[in-house]
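Asks:
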Amino acid sequence: MKKKIYNAILKLDEWLRKNDCKGYDPFDGLNSNILRFFTFNNKYLRIIQQQSIRRIPINIRPLVGIQKTYSSKGMGFLARGYIRLYRATNKEEYSDKAIACLDWLINNQCSGYSGACWGNHFDYQSRVFFLPKGVPTIVWVSLIGHAFLDAYDCFHDKKYLDIADSACQHILYDLETYKDDDDICISYIPIENKQVHNANTLGASFLARTYSITGCRKYLDLATKAINYTVKYQRKDHTWYYGENSNLHWVDNFHTAYVLDSIKYYIESTGDKQHKHMEALMAGYGVWKNIFFLKDGIPKYYINKTMPIDIQCASQAIDTLQYFSDIDKSGIDLATKIANWTIDNMQDDSGYFYFRKYKIGIINKTPTLHWGQATMLCALGGLYKALEK
200 MKKKIYNAIL
210 KLDEWLRKND
220 CKGYDPFDGL
230 NSNILRFFTF
240 NNKYLRIIQQ
250 QSIRRIPINI
260 RPLVGIQKTY
270 SSKGMGFLAR
280 GYIRLYRATN
290 KEEYSDKAIA
300 CLDWLINNQC
310 SGYSGACWGN
320 HFDYQSRVFF
330 LPKGVPTIVW
340 VSLIGHAFLD
350 AYDCFHDKKY
360 LDIADSACQH
370 ILYDLETYKD
380 DDDICISYIP
390 IENKQVHNAN
400 TLGASFLART
410 YSITGCRKYL
420 DLATKAINYT
430 VKYQRKDHTW
440 YYGENSNLHW
450 VDNFHTAYVL
460 DSIKYYIEST
470 GDKQHKHMEA
480 LMAGYGVWKN
490 IFFLKDGIPK
500 YYINKTMPID
510 IQCASQAIDT
520 LQYFSDIDKS
530 GIDLATKIAN
540 WTIDNMQDDS
550 GYFYFRKYKI
560 GIINKTPTLH
570 WGQATMLCAL
580 GGLYKALEK
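Just so we're aligned: the sequence shown equals residues 200 to 588 in the working numbering.
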């Protein structure tokens, strides 16, 4: 199985080389100027355009003027994946590719903020806010920030730590917070105060991990209050809603995995092994692992719904399970099973991974960059590294 995983990585890496690490994004529908004109800057018409292009099971983007582009979040996941492969194989080609991704990120930051930050390469309309192209999100900043911390840990080059430290300054000074008693939820975006659990904990995990290197107490203090907020709102069944607002009451696979990863990062980085944190982490992990996967390794999307089978659910599941394998050795077995199914059923002969599979056998074969190619390279790289031990 280890050989099969590495062969899948080689095929994906070759596809990335041929496509210059460019692809589409599930939410890039508003990049179509042809269709955008007909939204008349109306929220609901923007949602219709964006979601239609995302949900149509064939890729119509070339027909409506949407081009393949680089993705900042994609570059972050690719950097992490190549660092993992370098550590597993000691091949300099992987360190070179990781450094190239990191250099791209250094040169493509959002401007006008208190520190390093990154955002979408497209306008995005959610059900609760509109996010213009180039406005950073804490999700992007935190996941990319972890890539720079990985790079510092691997290459021992202080410039990577400096970028991570700068990104923490952005979180500290550009993002509002929601106060809930003594706890805090960090805003998803800088232009409005929006509370989402996975965004909050991702920010906390990155702050805590940077604190473990720099010793900056401000990072620790905010991280602790943010983790406490999300732990407090764990439901009786040990899951978390996407957010506490009534229109955010759903439980899905990969956002839950983000929360679990983040709490584990926080505990490891701070040594804060309060009973409530460990209890919340292990109870949440156990429920997620037992509920979100079918016997053959197919990842469910929602807690009560399997379809569509989404590549992001597969990639994040593989990544989270291998990350937890130090405390749950059986996690590697499930990660390997998911990887095996995903390679067999969602990897194209050309090397890239499909976006989604639907119930009636329809496959959306759109080559999404960060959502699929980058996350799968990162996940499979981590799994291969774990299997090499």
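Even glycine gets a Cβ: it sits at the ideal position worked out from N, Cα and C.
1. Taking 8 Å as the threshold, find out whether the segment 374 to 383 comes into contact with the segment 306 to 321 through three or more Cβ pairs.
2. Can you list, in chain order, the residues of its chain whose CB lies under 7 Å from that of residue 366, leaving out five sequence neighbours each side?
3. Between the C-alpha atoms of residue 548 and residue 478, what's the straight-line distance to the nearest angstrom?
4. For the alpha helix (DSSP H) containing residue 202, list its first residue and its last residue.
5. Run through the DSSP bridge pairs and tell me what residue 555 is partnered with.
6. Thinking just about the alpha-carbon of each residue, which of 293, 261, 227 is nearest to the one in residue 216?
7. How many angstroms separate the CA atom of residue 288 from the CA atom of residue 209?
8. Taking DSSP as the reference, what is the three-state secondary structure of residue 321?
9. In this structure, how does DSSP classify residue 267 when only helix, strand and coil are distinguished?
10. With a threshold of 16 other CB atoms inside 10 Å of the CB of residue 331, please say whether the residue is buried or exposed.
11. State yes or no: is the C-beta of residue 425 within less than 7 Å of the C-beta of residue 456?
12. From the DSSP output, in three-state form, read off residue 223 for me.
13. Cβ atoms of residue 328 and residue 146: under 7 Å apart, would you say?
14. For residue 274, does the count of other Cβ atoms within 10 angstroms reach 16, so buried, or fall short, so exposed?
15. Run through the DSSP bridge pairs and tell me what residue 329 is partnered with.
16. What is the residue span of the beta strand (DSSP E) that residue 495 lies within?
17. I'd like to check one pair, residue 359 with residue 372: are the Cβ atoms closer than 7 Å?
18. Per DSSP, which one or two residues make a beta bridge with residue 384?
19. Please report the distance separating the alpha-carbon of residue 473 from that of residue 467.
20. Alpha helix (DSSP H) containing residue 253: first to last residue?
21. Report the CB separation of residue 337 from residue 265 in whole angstroms; it is logged as a contact under 8 Å.
22. Give the secondary structure of residue 546 by DSSP, where H, G and I count as helix, E and B as strand, and everything else as coil.
23. If you count every other CB in all the chains shown that lies within 10 Å of the CB of residue 493, and 16 or more means buried, which is it?
24. Would you identify the three-state DSSP class for residue 527, choosing helix, strand or coil?
25. Evaluate residue 570 with the Cβ neighbour count: other Cβ atoms within 10 Å of its Cβ, from every protein chain shown; 16 or more gives buried, anything less gives exposed.
Replies: In this structure, then:
1. no
2. 314, 315, 316, 340, 344
3. 43 Å
4. 201 to 217
5. 509, 563
6. 293
7. 13 Å
8. coil
9. coil
10. exposed
11. no
12. strand
13. Residue 146 is absent from the structure shown; the chain starts at 200 and stops at 588.
14. buried
15. 324
16. Residue 495 -> no beta strand (DSSP E), and no H or E assigned at all.
17. no
18. 377
19. 12 Å
20. 242 to 254
21. Incorrect: roughly 26 Å between the Cβ atoms, too far for contact.
22. strand
23. exposed
24. coil
25. buried
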